Amino acid sequence: MRHIANSLLLRGLFPLFLSLDHRFPFYDNVFDLVHATSGLDVGGRPEKLNFLMFDVDCILMASGLVTVQP
Numbered sequence: 002m003r004h005i006a007n008s009l010l011l012r013g014l015f016p017l018f019l020s021l022d023h024r025f026p027f028y029d030n031v032f033d034l035v036h037a038t039s040g041l042d043v044g045g046r047p048e049k050l051n052f053l054m055f056d057v058d059c060i061l062m063a064s065g066l067v068t069v070q071p
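See below:
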């Protein structure tokens, strides 16, 4: 596991904490990996999750990867 954490750090990963009420402050097609953690509570409003997936799709490169940790 430590090897994976070190390789992620070498890729230039950084944490970003945003609420689901905000758009991502990045240009399109700039990331090759998006990792989401347990903060995906939509509070009974599933349209927020739709907006999140739209933003993730915009910032990911064509061959990008999305991982979701429950």
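Here the sequence shown stands for residues 2 to 71, numbered as in this note's numbering.
Cβ atoms here follow ideal geometry from the backbone N, Cα and C, with glycine treated the same way.
Note that the structure is predicted; figures quoted are calculated from it, not measured.
Rounded straight-line distance, which links the Cα of residue j to that of residue i
i	j	result
Gly44	Leu53	13 Å
Met2	Gln70	With a pLDDT of only 44 at Met2, under 50, the local geometry of the prediction cannot be trusted, and no value is derived from it.
Arg46	Leu19	17 Å
Residue i, DSSP secondary structure in three states
i	result
Val35	strand
Best match in the options for proximity to residue i [C-alpha to C-alpha]
i	options	result
Leu17	Pro47, Val57, Gly65	Val57
Leu64	Leu50, Phe32, Asn51, His36	Looking at the sequence provided, one finds Ser at residue 64 rather than Leu. Ser64 has its Cα closest to that of Phe32, out of Leu50, Phe32, Asn51, His36.
Pro26	Val35, Thr68, Ile60	Ile60
Beta carbon proximity, residue i to chain C, threshold 8 Å
i	result
Asp58	The structure shown contains no chain C; it is built from a single protein chain.
Length at least 4, wholly inside the region 45 to 69: the alpha helix (DSSP H) runs in chain order: 47 to 60
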